[in-house]
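Chains as they are written, first to last, in our numbering: chain A, 218 to 509; chain B, 50 to 232. Each residue gets a CB set at the ideal place from its N, CA and C atoms; glycine is no exception. The next block holds one structure in the form of structure tokens; read it before the comments.
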């Protein structure tokens with residue numbers, strides 16, 4: 218028993234009790250917290266008007282990438298669909314030789330490895346149907362780890378909401394990266410003298426004259442022809458891979474930030490194109506990221 | 050003659066705009082969290098994202114005073130009747146936001162314990178993907194819903210819109226018969 222006991226219940230306060238004026242003001246002392254917070258900076262993010270870019274490796278919506286000459290990277294192997302724990306991805310592959318543009322080719326001239334004839338992607342097959350159900354997708358990123366050609370990457374775009382379940386299934390045209398300036402719209406032949414391995418290694422840096430001529434012969438009105446011709450003639454820089462417009466309605470200050478994040482994201486997405494010597498190198502980069 | 054019976058025309062459209070503005074500017078969600086998405090929903094109400102900027106800070110514990118049900122999380126078969134009861138107890142006009150993939154379609158839980166989409170139980174006005182969606186995504190979906198509420202018809206126009214919606218619903222494939230990715 219000490220002298221600090223205030224009443225006969227035995228209650229003993231741990232903190233020293235205020236005396237005098239402090240004791241008088243104790244019931245409203247809590248308002249001091251509220252009052253002092255008026256002079257602290259506001260923590261609220263003004264979200265719809267000012268959008269704070271997420272971390273550059275944020276798992277946002279997917280995108281299907283392209284090679285520098287405009288061919289798609291997706292080969293329709295369905296590994297992403299196999300890796301998906303939520304069964305959100307549906308892929309149907311098809312043979313490049315079966316494209317309608319190849320219907321008039323003489324039989325036997327287009328074998329599986331032939332670089333001639335129309336291609337949607339280098340090599341034998343391409344992804345004909347590609348769907349991601351965003352009402353199943355949990356944005357875990359296992360699909361982009363599984364992708365052998367780095368065709369599938371994730372952007373930083375997170376603004377997904379819809380009124381219907383049907384509308385939340387994104388088709389291939391919704392997921393495919395837009396053509397950069399200088400890319401030639403597929404389908405067209407692979408660059409002459411190359412194999413699909415050259416594409417995977419990142420050795421194809423732009424459309425060639427033969428590809429431009431092939432497209433001009435069949436689709437003279439194609440809008441991508443002029444820029445691709447400039448690239449083929451060396452009058453223009455090789456096209457950089459592009460991402461979806463992240464947030465078109467972002468404010469003026471945030472647009473640059475979002476663009477910076479997009480650039481980081483596209484470097485990651487195109488690791489095989491810029492940093493690694495090969496597409497397989499890109500996959501190796503991805504693996505080290507995982508193990509780290 | 051109440052507002053609901055007003056004939057369509059200039060007067061009604063003005064009332065529609067006014068009522069829509071009032072409805073969207075003070076839409077109170079019901080306190081209703083089922084799983085991890087509810088944590089993000091709470092974060093959206095906290096100071097950093099601050100739903101009160103949109104007049105939505107009052108999460109009502111009583112469904113009778115709420116306008117919006119945010120189904121935040123997976124709906125188990127056992128919870129489904131409770132979800133429906135909470136929805137039925139809310140007074141008109143009311144809206145449902147299906148937050149996260151589990152509420153929207155069952156998500157990765159494609160099994161016997163989880164309702165494969167809360168739209169089997171209650172009518173959903175807007176779906177929000179994500180696992181869980183970040184608070185910005187929730188606010189984005191809420192703003193999209195606000196836009197719909199602002200432009201919602203009233204009176205004679207509402208009756209007309211409801212008839213059109215019902216006719217479309219009768220034509221559509223029922224959710225339980227949908228195959229492929231929509232299952």
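Assigned exposure category for residue i - 16 Cβ within 10 Å defines buried
i              : result
residue 264(A) : buried
residue 470(A) : Summary for residue 470(A): the model assigns pLDDT 39, below 50, so the residue's position carries little reliability, and this model does not support an answer.
residue 395(A) : exposed
residue 421(A) : buried
residue 196(B) : exposed
residue 284(A) : buried
residue 255(A) : exposed
residue 446(A) : buried
residue 60(B)  : exposed
residue 198(B) : buried
residue 277(A) : buried
residue 443(A) : exposed
residue 71(B)  : exposed
residue 99(B)  : buried
is_contact[residue i, chain B] using C-beta, thresh 8 Å
i              : result
residue 378(A) : yes
residue 360(A) : no
residue 354(A) : yes
residue 302(A) : yes
residue 382(A) : yes
residue 262(A) : yes
residue 416(A) : no
residue 284(A) : no
residue 471(A) : Because residue 471(A) carries a pLDDT of 41, less than 50, the predicted location of this residue cannot be relied on, and the following value inherits that uncertainty. False, the Cβ-Cβ gap to chain B never drops below 8 Å.
residue 388(A) : no
As assigned by DSSP and simplified to three states, the class of residue i
i              : result
residue 242(A) : helix
residue 397(A) : coil
residue 309(A) : strand
residue 280(A) : strand
residue 139(B) : coil
residue 144(B) : strand
residue 411(A) : coil
residue 259(B) : For residue 259(B) there is no data in the structure shown, the boundaries of chain B being 50 and 232.
residue 440(A) : coil
residue 453(A) : coil
residue 369(A) : strand
residue 132(B) : helix
residue 576(A) : For chain A, the structure presents residues 218 to 509; residue 576(A) sits outside this window and is missing.
residue 253(A) : helix
residue 155(B) : coil
residue 199(B) : helix
residue 119(B) : strand
residue 125(B) : strand
residue 204(B) : helix
residue 359(A) : helix
Partners in chain B for residue i, counting only beta-carbon separations shorter than 8 Å
i              : result
residue 265(A) : 188, 189, 192
Proximal chain B residues relative to residue i, where beta-carbon distance stays under 9 Å
i              : result
residue 434(A) : By Cβ distance, chain B contributes nothing, its closest Cβ being about 39 Å from residue 434(A), past 9 Å.
Neighbour flag for residue i against chain A, beta carbons, 8 Å
i              : result
residue 123(B) : no
residue 94(B)  : no
residue 154(B) : yes
residue 150(B) : yes
Residues that residue i contacts on chain B, provided the C-beta gap is smaller than 7 Å
i              : result
residue 407(A) : Those within 7 Å of residue 407(A) in chain B number zero; the least Cβ separation is about 32 Å.
residue 385(A) : 176, 178
residue 351(A) : 178
Under 8 Å from the C-beta of residue i: neighbouring residues of chain A
i              : result
residue 180(B) : 354, 355, 356, 357
residue 183(B) : 271, 375
Partners in chain A for residue i, counting only beta-carbon separations shorter than 9 Å
i              : result
residue 98(B)  : 261, 262, 264
residue 159(B) : 303, 304, 353
Beta carbon proximity, residue i to chain C, threshold 8 Å
i              : result
residue 145(B) : Among the protein chains of the structure shown, namely A and B, there is no chain C.
Kindly confirm or deny that the stretch 368-387 of chain A and the stretch 287-303 of chain A touch, where touching means at least three C-beta pairs closer than 8 Å. Yes, since at least three Cβ pairs between the stretch 368-387 of chain A and the stretch 287-303 of chain A fall closer than 8 Å, the two stretches touch.
Counting beta carbon pairs with one atom in the stretch 65-78 of chain B and one in the stretch 104-123 of chain B, are three or more of them shorter than 8 Å? yes
Any contact of the stretch 149-169 of chain B with the stretch 330-341 of chain A, i.e. 3+ C-beta pairs under 8 Å? no
Is the stretch 438-456 of chain A close to the stretch 400-408 of chain A, with three or more CB pairs under 8 Å? yes
Would you call the stretch 181-190 of chain B and the stretch 156-165 of chain B touching, i.e. three or more CB-CB distances under 8 Å? no
Evaluate contact between the stretch 119-136 of chain B and the stretch 80-100 of chain B, counting only Cβ atoms and requiring at least three cross-stretch pairs below 8 Å. Yes, since at least three Cβ pairs between the stretch 119-136 of chain B and the stretch 80-100 of chain B fall closer than 8 Å, the two stretches touch.
If you pair each beta-carbon of the stretch 369-387 of chain A with each one of the stretch 178-186 of chain B, do three or more pairs fall below 8 Å? yes
When you compare the stretch 403-419 of chain A with the stretch 380-393 of chain A, are there three or more beta-carbon pairs, one atom per stretch, that lie closer than 8 Å? Contact between the stretch 403-419 of chain A and the stretch 380-393 of chain A is absent, because fewer than three Cβ pairs lie under 8 Å.
I'd like to know if the stretch 300-313 of chain A and the stretch 350-360 of chain A are in contact, where contact means that at least 3 CB-CB pairs between them fall below 8 Å. yes
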